[in-house]
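K.L.:
The number in our numbering is simply the position in the sequence shown, starting from 1, with 1098 added.
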Amino acid sequence: MKKRPSASCLALLVISCASAQATETAIDAETGKNNLQEVVVTASLAPVQLQQTGNAIHVISARDIETSGAAVVSDLLRDVPGVAINRSGPLGSTTQLRMRGAEGNHVLVLVDGVEVNDGGQADEFNWAHMSTAGIERIEVVRGAQSALWGSDAVAGVINIITRQTEEPFQAQVFSEGGSHGINHTGFTLGASVGTAHFNLSGSHLSSDGDNISRSGSEDDGYRNSTLNLNAGWRPLDNLGLSLTARQTEGENEFDGIDDLITGLPEDGDLESDFRQRFIRAQADLSLLDDRWQHRVALAVSRHNNENYTDGESTGSNATRKKQYSYITSFSWDEQAQRLSLLLERETEDFRQRGPILFGDPNQNQSRETDSVALEYRVVLWDDLTLGASVRHDDNSEFQNAYTRRFDASYRIPESATRLRASWGTAVKNPTFSERFGFYTNFIGNPDLRPEKSTSWDMGVDQSLFDGRLMLGLTYFRARLENEINGFVYDPVAFAFTAENVDGNSDRQGVELTFDASLTQTLSLKGSYTYTDATEPNSGGRDVDELRRPRHLGSTTLNWQVAERLNIVLNAQYNGHQDDQYFPPWPQPSARVELDDYTLVNLSAQYQASKSLTVYTRLENLLDEDYEEVFGYESLGFGAMVGVRYSFNQ
C-alpha cells in the first residue's frame, strides 16, 4: 500500500504550488529587486543576459552558497527545480544527480568551462567530492544543450564557476566541526594588482562517518582535500589571459553487498581512493570596439579511482579528457545581432586495471572528436530575442552527429511578463565501460548506438510589485531513442552486458518556482517539480524509471534578524520513487518503492565583528528516517558549528 504524504510535505507543496518560477532572474540581495540584466555564460557561445535567452536557467549566487552553510555542492543543487539527488549513505558516498527525469550521465558538468564528467564512472560526475571551496556561483541550464556542448548535454548543463578576487588583498580562514565526526577547515587568499589578479583557496573535509547498512555498527569515514586557483592578467586593454586549476583527492570507506543471504549492504572493510584534476588556460582578444571577440582555450580533466578490499587493491581506472577550442563572435547592428563560431578537438583516454579472475579486465581505450558549431542570436524591437545553433561532431568511434537548438524570449511590451521557449536535439555516446566492459562480471558491447534525444520546453515569468515577486511556470517534454540498458544478463557468457532498448523513453513535467522579497529583511523562495519519466521494459510495457520521484519540492526562508544576525530555514520534500533490489542468485531482481520524506534544515550566521563570523548549521531537524538508495540508510539529525575570519583591503 502506498503511503500518503505527511502533513509537513503537504504544507511544503502548498507553499510551492501557490507560487511559480523565478530563477531564473534572481532578486538582488541588497535592493530586493530582480536583476534582469544578470549575465550567464553557459547558455550561449558568448555571454548573454538572462532576459535574452529562452532557456530555463537557475543561478546559485555567492550569497546563496554562504548563507546555506553547505559543505558540498550537491546539497545546494537539491533546491534547483528539475534536479533529483540520490546519495548512497553518509558524506562522501556515491552521489548521483538526475535532471528532468534523465539519466545521471545525461547532464554535462563544467568547472570553469572544463568538462569534468568521469569516463571511468560511466560518464557521470560523482557529486560526493565537489566541495563548495572556492566557488563563486553555479549556473544550471535545463534542456538539451548538445548543439553547444556536444555529447552528455542531453538534459542540461551545470557550470561551476570559481571565485575571482577584485579587492587589492583578500584573505579568509574558516573551521567547523560537529556531528558524525565531521571537520571542515579551509582558506582563501587573493589579490588584485593593476591588471592582474589571483585567488587561491583550499579546504579539508573529513568525517568519521556512520553506519548506513541495516545491520552492523561499522562507521564509514571520509577524507577530501581540495585546492583551487583562479588567476588572470590583462597585458593589453583588449587582451586577457587566464588560468584556472582545481585538484581534489581523498578516500572514502563504504560497505559491500551481502551476495549470499540478503543482497543488501553489510559491514565490510572497503575503501575507494580518488583524485581529480581540472585545468584550463585561456586567451581572450577583442577587436573592432569589442564587436569581434576571439577566445582560444586548452582544457584538461583527469580522474583516478582505485578500490581496496581489506587493504588489497581490487581494481582501478583512470581517464583523461583534453579539449582544444577556438570561439569567435562577431556582433553588429549595435550588438543586436551576433554570430558565433566554435571549432573544437577533443581526445579521451581510458585505462583500467584489475585482477584477472576469468576474462581480462585490463584495457586501454581512446577516442577523438572534431566539432564545429555555429550560433546566431538577434534582438528585435528590444523585446524579442531569437537564438539558433547547430553542431556537427565527427567522432572516431561513432557515426557523425548533428544536433540543433532554437530558443526564443519575448517580453510583452508595457508589462512585466516574459514568455520563453526552447527546442533542441541531443546525443549521448556510449561509455567506455558499456562498450568494452569492466572487471570480469560485465562484458562490453562494441555495437552499441549513441542515445538520441529531442526535447522542448515553454514557460512564462511574471514580475510583480516592482520586481519584489517573481512567478513563473515551465512545461518540459523529452523523448529518448536508443536508450542503453546497462544491466542485461547474457546467459551465454554468464555475465551482464549493455544493449540499446527498443522503443522510446518519454519524460515530461512541470516546474514551478517563486522568489519573493517580503520585507527589507525577509525573503522566501521555493520550487516544485512534477516529473513523469517512463521507459519500456522487456515486455514492451512502459514503467516508471528508477530513482525519479514524481514530486520534488523545496522552500527557503531567509531572515535578516538584525544587522549582524542572519537565519535561513530550508525544507525539502522528496516523493515516492522506485529502485531496484538485486537479491542473491538465483532470485530475480525486483522493483521496490522508497518512501517519501521531508528534510528540514536551519543555518544561522552571526557577525561578531567586522572580520569574525560565527555560524551553525542544523541538518534533518525532524530526525527523518529515510533512504535515497535502497538498502542505504541516511543520516539522522546533525549539528555543525564554525567560525570564519575574513580580511579585505
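Every residue, glycine too, gets a C-beta built ideally from N, C-alpha and C.
By the three-class DSSP mapping on this structure, what secondary structure does Trp1430 have?
P.N.:
For the purposes of this step, residue 1430 is taken as the residue at position 332 of the sequence shown. It is a strand residue.
K.L.:
The beta strand (DSSP E) with Leu1174 in it runs from where to where?
P.N.:
Residue numbering aside, residue 1174 sits at position 76 when the sequence shown is read from its first letter. Looking at the DSSP string, Leu1174 is not in any beta strand (DSSP E); the run it does join, the alpha helix (DSSP H), is 1171-1175.
K.L.:
Please report the straight-line C-alpha distance between Ala1127 and Ala1614, rounded to a whole angstrom.
P.N.:
Locating residue 1127 in the sequence shown gives position 29, where the first residue counts as 1. Locating residue 1614 in the sequence shown gives position 516, where the first residue counts as 1. With a pLDDT of 40 at Ala1127, under the threshold of 50, the predicted position of this residue should be treated as unreliable, though the coordinate-derived value follows. Taking the straight line joining both Cα atoms gives about 11 Å.
K.L.:
Do the segment 1160-1168 and the segment 1218-1225 make contact, defined as three or more Cβ pairs closer than 8 Å?
P.N.:
With the cut-off at 8 Å, the segment 1160-1168 and the segment 1218-1225 do not touch.
K.L.:
When the Cα of His1401 is compared with those of Gln1391, Thr1417, Gly1413, Leu1386, which residue comes out closest?
P.N.:
The residue you call residue 1401 lines up with position 303 of the sequence shown. Of the candidates Gln1391, Thr1417, Gly1413, Leu1386, the one whose C-alpha sits nearest the C-alpha of His1401 is Thr1417.
K.L.:
Is it the case that the Cβ atoms of Ile1155 and Val1137 are separated by a distance below 9 Å?
P.N.:
Here residue 1155 is taken as the residue at index 57 of the sequence shown, counted from 1. Here residue 1137 is taken as the residue at index 39 of the sequence shown, counted from 1. Contact flag unset, no.
K.L.:
Which class does Arg1648 belong to by DSSP, given the choice of helix, strand or coil?
P.N.:
Numbered from its first residue, the sequence shown carries residue 1648 at position 550. Here Arg1648 sits in coil by DSSP.
K.L.:
How big is the Cα-Cα spacing for Ile1582 and Arg1449?
P.N.:
Walking along the sequence shown from the start, residue 1582 turns up at place 484. Walking along the sequence shown from the start, residue 1449 turns up at place 351. In a straight line, the C-alpha of Ile1582 is about 22 Å away from that of Arg1449.
K.L.:
Which of the three DSSP states, helix, strand or coil, is assigned to Asp1162?
P.N.:
The count along the sequence shown starts at 1 and reaches residue 1162 at position 64. Three-state result, Asp1162: helix.
K.L.:
Whole angstroms are fine: how far does the CA of Asn1328 sit from the CA of Glu1265?
P.N.:
Within the sequence shown, the letter at position 167 stands for residue 1265. Within the sequence shown, the letter at position 230 stands for residue 1328. C-alpha separation (whole angstroms): 14 Å.
K.L.:
Do you know how far the Cα of Thr1360 is from the Cα of Gln1685?
P.N.:
Translated into the one-based positions of the sequence shown, residue 1685 becomes position 587. Translated into the one-based positions of the sequence shown, residue 1360 becomes position 262. Near 11 Å, if we compare the C-alpha coordinates of Thr1360 and Gln1685.
K.L.:
What do you reckon, are the CB atoms on Lys1550 and Thr1529 nearer than 9 Å?
P.N.:
Translated into positions along the sequence shown, residue 1550 becomes position 452. Translated into positions along the sequence shown, residue 1529 becomes position 431. Not closer than 9 Å, so no.
K.L.:
Looking only at its chain, what residues have a beta carbon closer than 6 Å to the beta carbon of Ala1749, apart from the 5 residues adjacent to it on each side?
P.N.:
For residue 1749 there is no data in the structure shown, the boundaries of the chain being 1099 and 1747.
K.L.:
Any idea what DSSP makes of Thr1129, helix, strand or coil?
P.N.:
Taking the first residue of the sequence shown as position 1, residue 1129 is located at position 31. Note on Thr1129: pLDDT 38, under 50, position unreliable in the model; no value is reported.
K.L.:
Can you tell me which of the three DSSP states Asn1203 falls into?
P.N.:
By one-based count along the sequence shown, residue 1203 stands at place 105. The answer is helix: DSSP assigns Asn1203 an H, G or I state.
K.L.:
Could you tell me which residues DSSP puts in a beta bridge with Pro1634?
P.N.:
Against the sequence shown, residue 1634 aligns to sequence position 536. In the DSSP output, where bridge partners are listed per residue, Pro1634 has Asp1640.
K.L.:
Quick one: give me the first and last residue of the alpha helix (DSSP H) that Leu1720 is part of.
P.N.:
The sequence position of residue 1720 within the sequence shown is 622, counting from 1. Careful: Leu1720 lies outside any alpha helix (DSSP H) and carries neither H nor E.
K.L.:
On the CB-based measure, 16 or more other CB atoms within 10 Å of its CB, does Thr1617 come out buried or exposed?
P.N.:
Counting from one through the sequence shown, the residue named residue 1617 turns up at place 519. Result: exposed.
K.L.:
So, under 8 Å CB-CB, Val1205 and Leu1195 are touching, yes? Tell me the CB distance rounded to an integer number of Å.
P.N.:
Numbered from 1 along the sequence shown, position 107 holds the residue referred to as residue 1205. Numbered from 1 along the sequence shown, position 97 holds the residue referred to as residue 1195. The Cβ separation is near 6 Å, so the contact holds.
K.L.:
For Asn1336, which residues does DSSP report across the bridge?
P.N.:
Residue 1336 sits at position 238 when you count from the first residue of the sequence shown. Answer is none; Asn1336 lacks a bridge partner.
K.L.:
Along the chain, where does the beta strand (DSSP E) that runs through Arg1185 open and close?
P.N.:
Working through the sequence shown from its first residue, we reach residue 1185 at position 87. Run containing Arg1185: 1181-1185, per the beta strand (DSSP E) assignment.
K.L.:
Identify whether Glu1222 lies in helix, strand or coil by the three-state DSSP scheme.
P.N.:
If you number the sequence shown from 1, residue 1222 lands on position 124. Glu1222: strand per DSSP, three-state reduction.
K.L.:
Cα separation between Asp1431 and Leu1482?
P.N.:
Numbered from its first residue, the sequence shown carries residue 1431 at position 333. Numbered from its first residue, the sequence shown carries residue 1482 at position 384. Approximately 15 Å between the Cα atoms of the pair.
K.L.:
Checking 9 Å against the spacing of the C-beta atoms, do Glu1316 and Asp1356 come in under that value?
P.N.:
Working through the sequence shown from its first residue, we reach residue 1316 at position 218. Working through the sequence shown from its first residue, we reach residue 1356 at position 258. No.
K.L.:
Using a Cβ-Cβ cut-off of 7 Å (strictly less than) and excluding sequence neighbours within five positions of Asp1306, which residues of its own chain qualify?
P.N.:
Translated into positions along the sequence shown, residue 1306 becomes position 208. Counting only Cβ-Cβ distances below 7 Å, and skipping sequence neighbours, we find His1278, Gly1279, Asp1317, Gly1319.
K.L.:
Counting pairs of Cβ atoms below 8 Å between the segment 1641-1651 and the segment 1674-1694, do you hit three or more?
P.N.:
The segment 1641-1651, when compared against the segment 1674-1694, does touch it at the 8 Å Cβ threshold.
K.L.:
For Leu1287, which beta-bridge partners are listed by DSSP?
P.N.:
By 1-based counting over the sequence shown, the position of residue 1287 is 189. In DSSP, Leu1287 forms a bridge with Ala1269, Leu1298.
K.L.:
Hey, how far is the Cα of Ser1494 from the Cα of Arg1516?
P.N.:
As a first step, residue 1494 must be located in the sequence shown, where it is residue number 396. As a first step, residue 1516 must be located in the sequence shown, where it is residue number 418. Approximately 43 Å between the Cα atoms of the pair.
K.L.:
Taking the straight line between their C-alpha atoms, what separation do you get for Leu1733 and Gly1348?
P.N.:
Residue mapping note: residue 1733 aligns to position 635 of the sequence shown, counting from 1. Residue mapping note: residue 1348 aligns to position 250 of the sequence shown, counting from 1. So the alpha carbons of these two residues sit roughly 21 Å apart.
K.L.:
Counting only beta-carbon atoms, is Val1698 nearer than 9 Å to chain D?
P.N.:
Looking for chain D here will not work: only one protein chain is present.
K.L.:
Can you tell me which of Arg1465, Val1712, Asn1297 puts its alpha carbon nearest to the alpha carbon of Gln1497?
P.N.:
Reading the sequence shown from its first residue, position 399 is the one you call residue 1497. Considering only alpha carbons, the answer is Arg1465.
K.L.:
Assign Ala1124 to one of two classes, buried (16 or more other C-beta atoms within 10 Å of its C-beta) or exposed (fewer than that).
P.N.:
Numbered from its first residue, the sequence shown carries residue 1124 at position 26. Note that Ala1124 scores 43 on pLDDT, short of 50, meaning its location in the model is unreliable; the coordinates nonetheless yield the value given after this. Buried, because 16 or more other Cβ atoms sit within 10 Å of the Cβ of Ala1124.
K.L.:
Please confirm whether Gln1268 and Asn1746 have their CB atoms less than 9 Å apart.
P.N.:
Translated into the one-based positions of the sequence shown, residue 1268 becomes position 170. Translated into the one-based positions of the sequence shown, residue 1746 becomes position 648. Contact flag set, yes.
K.L.:
Applying the criterion that 16 or more other CB atoms from any shown protein chain within 10 Å of the CB defines a buried residue, is Glu1274 buried or exposed?
P.N.:
As a first step, residue 1274 must be located in the sequence shown, where it is residue number 176. Buried, since its Cβ has 16 or more Cβ neighbours within 10 Å.
K.L.:
Would you list, in sequence order, the uninterrupted beta strand (DSSP E) runs of no fewer than 3 residues that lie entirely inside the segment 1429-1510?
P.N.:
Complete beta strand (DSSP E) runs here, min 3: 1435-1451, 1461-1478, 1482-1493, 1499-1509.
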